Amino acid sequence: MTDIVIEKDMVATVHYTGTFPENEEEFDSSKGGEPLSFLVGHKQMIPGFEREMMGAMAGEKRTFTLPPEDAYGQPSDENIVELSKEQFGEITPTEGMMLMSDAGPFKVVGVNEETVKVDFNHPMAGRALKFEVELVEVRKASAEELLHGHAHGPGGYQH
Ligand code: ZN
Numbered sequence: 005m006t007d008i009v010i011e012k013d014m015v016a017t018v019h020y021t022g023t024f025p026e027n028e029e030e031f032d033s034s035k036g037g038e039p040l041s042f043l044v045g046h047k048q049m050i051p052g053f054e055r056e057m058m059g060a061m062a063g064e065k066r067t068f069t070l071p072p073e074d075a076y077g078q079p080s081d082e083n084i085v086e087l088s089k090e091q092f093g094e095i096t097p098t099e100g101m102m103l104m105s106d107a108g109p110f111k112v113v114g115v116n117e118e119t120v121k122v123d124f125n126h127p128m129a130g131r132a133l134k135f136e137v138e139l140v141e142v143r144k145a146s147a148e149e150l151l152h153g154h155a156h157g158p159g160g161y162q163h
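Under this note's numbering, the sequence shown has 60 at position 56, and the numbering climbs by one with no breaks.
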């Protein structure tokens, strides 16, 4: 009998708290709610998070800080684009507004006469992220989970 640890194609269930290391400000936490379940090695999580948790056993706690490259990457000017106002339909865009599109969420960064400048960079791009993680459970993924590319059940996709 070998210990079950986090590796590719396992489902990990974790409690976590994420903070910005420079000011200890919390940006996300599962505390007080359901723990999060994810399928390891299927891009459900940012790359550094999985890498730092590899080999962990149930009950283990790990704390680590990820540079932006291992989290949401660096912001790029290529992700800032101009859209025509007509594309917003009934919405009147104003600076600072967060909106959702087929290409993901974006932020309105400038409003001109005919066009609107929007930023598709992830809000946490360019930031280092610190995580405190407790591994609640780790198990083998089902064939269906591997097919779907995500974890099922509590804390995962329920469908
Ligand atoms: Zn599914």
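Backbone N, C-alpha and C fix where the C-beta goes; we use that ideal spot for every residue, glycine too. These figures come from a predicted structure and were not determined experimentally.
At the level of alpha carbons, what is the spacing between E74 and I50?
For the record, residue 74 in the displayed sequence is Asp; it is not Glu. Distance between the alpha carbons of D74 and I50: 7 Å.
Suppose you measure from the CA of M14 to the CA of E136; what does that come to, to the nearest Å?
20 Å
Distance between K134 and Q48 (C-alpha atoms, nearest Å)
18 Å
In terms of residue numbering, what span does the alpha helix (DSSP H) encompassing M57 cover?
51 to 57
Chain-order list of residues whose beta-carbon lies under 8 Å from that of H154 (same chain, five-residue window excluded):
F42, L43, H46, Q48, G160, Y161
To which residues does DSSP link P109 through a beta bridge?
M104
Taking the straight line between their C-alpha atoms, what separation do you get for A62 and E141?
5 Å
Can you tell me whether H152 sits near the ligand ATP, meaning its C-beta is under 7 Å from at least one heavy atom of the ligand?
Ligands displayed in this structure: the ligand ZN; the ligand ATP is not among them.
Let me confirm a value: E82 is counted as buried when at least 16 other C-beta atoms fall within 10 Å, else exposed. Which label applies?
exposed
Span of the alpha helix (DSSP H) around A132:
That residue, A132, is in no alpha helix (DSSP H); it is neither H nor E in DSSP.
Helix, strand or coil for E29 per DSSP?
strand
Alpha carbon to alpha carbon, how far is A60 from S80? Give it in angstroms, no decimals.
34 Å
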